[in-house]
Amino acid sequence: MKKVTAMLGLTCLILAGCTSNEITSEKAFQLVQQDQQYPKVIDYDLYCSDPQHARKTIEAGLDKAGVVIISQTQKISELGKPLIKFTPNAQPYLLETPEADKHLYIQKVKLADEELVEITSLKTQPDGKSAVAEYTTAYINLTPFATLQPTRFNRKPTNKAFFILEGNQWQLEKRK
Numbered sequence: 302m303k304k305v306t307a308m309l310g311l312t313c314l315i316l317a318g319c320t321s322n323e324i325t326s327e328k329a330f331q332l333v334q335q336d337q338q339y340p341k342v343i344d345y346d347l348y349c350s351d352p353q354h355a356r357k358t359i360e361a362g363l364d365k366a367g368v369v370i371i372s373q374t375q376k377i378s379e380l381g382k383p384l385i386k387f388t389p390n391a392q393p394y395l396l397e398t399p400e401a402d403k404h405l406y407i408q409k410v411k412l413a414d415e416e417l418v419e420i421t422s423l424k425t426q427p428d429g430k431s432a433v434a435e436y437t438t439a440y441i442n443l444t445p446f447a448t449l450q451p452t453r454f455n456r457k458p459t460n461k462a463f464f465i466l467e468g469n470q471w472q473l474e475k476r477k
């Protein structure tokens, strides 16, 4: 009986010693995806009564794409009224806009979705209680409004996430 108890105790010690608290790429991916809420919508505030925004939408070709109609001229009595009007083709890309913004003729539009692609590097610190991960995201489902910020969507952003080990659980560290 003593041998069985000794063997059981020895087995427990060996298993406890072999258990690793290292964070895996899969766990890091899961934690980043949950915390950052990927995939997420990338939006843009379009100031419909601003002449500069109207010009920007013309330069982006949104009028030719059939998603907006732009008033080229405005009477004095129409000052402050929207220069940019949305066509039915734009409806799938119009996002919920706060009431305060609606009164100022600001409309949130969807540019794209950003999704988490992969953890490109994961390094556990020598203390074994913290880790740093680099990860890439990609922009998908580009809308016609993405032409308002074209250079933003031509790249795959690289980001960093910091993890800490609390108890036996890895958690994403909140940094400002």
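Using this note's numbering, read the sequence shown as starting at 302 and increasing by one per residue.
Note that the Cβ used here is the ideal one computed from N, Cα and C, for glycine as well.
Using 8 Å as the threshold, is the C-beta distance between residue i and residue j below it?
i: Tyr345; j: Leu412; result: yes
i: Ile324; j: Leu423; result: yes
i: Val333; j: Leu417; result: yes
i: Pro383; j: Ser350; result: yes
i: Pro445; j: Ala366; result: yes
i: Phe463; j: Ala329; result: no
The beta strand (DSSP E) with residue i in it runs from where to where?
i: Ala413; result: Ile407 to Thr425
i: Glu461; result: The question names Glu, yet the displayed sequence has Lys at residue 461. Residues Thr459 to Glu467.
Indicate the three-state DSSP secondary structure (helix, strand or coil) for residue i in the structure shown.
i: Tyr339; result: coil
i: Leu473; result: strand
i: Thr452; result: helix
How many whole angstroms separate the CB atoms of residue i and residue j, which I take to be in contact at a CB cut-off of 8 Å?
i: Glu435; j: Lys461; result: 6 Å
i: Val433; j: Leu347; result: At roughly 37 Å, the Cβ-Cβ gap does not stay under 8 Å, so Val433 and Leu347 are not in contact.
What residue does the alpha helix (DSSP H) around residue i start on, and which one ends it?
i: Ala245; result: As displayed, the chain neither begins before 302 nor continues past 477, which places residue 245 out of reach and without an answer.
* Can you give, in chain order, each stretch of the alpha helix (DSSP H) that sits fully within the stretch 324-372 and has at least 4 residues? -> Whole alpha helix (DSSP H) segments, 4+ residues: 326-337 and 352-360.
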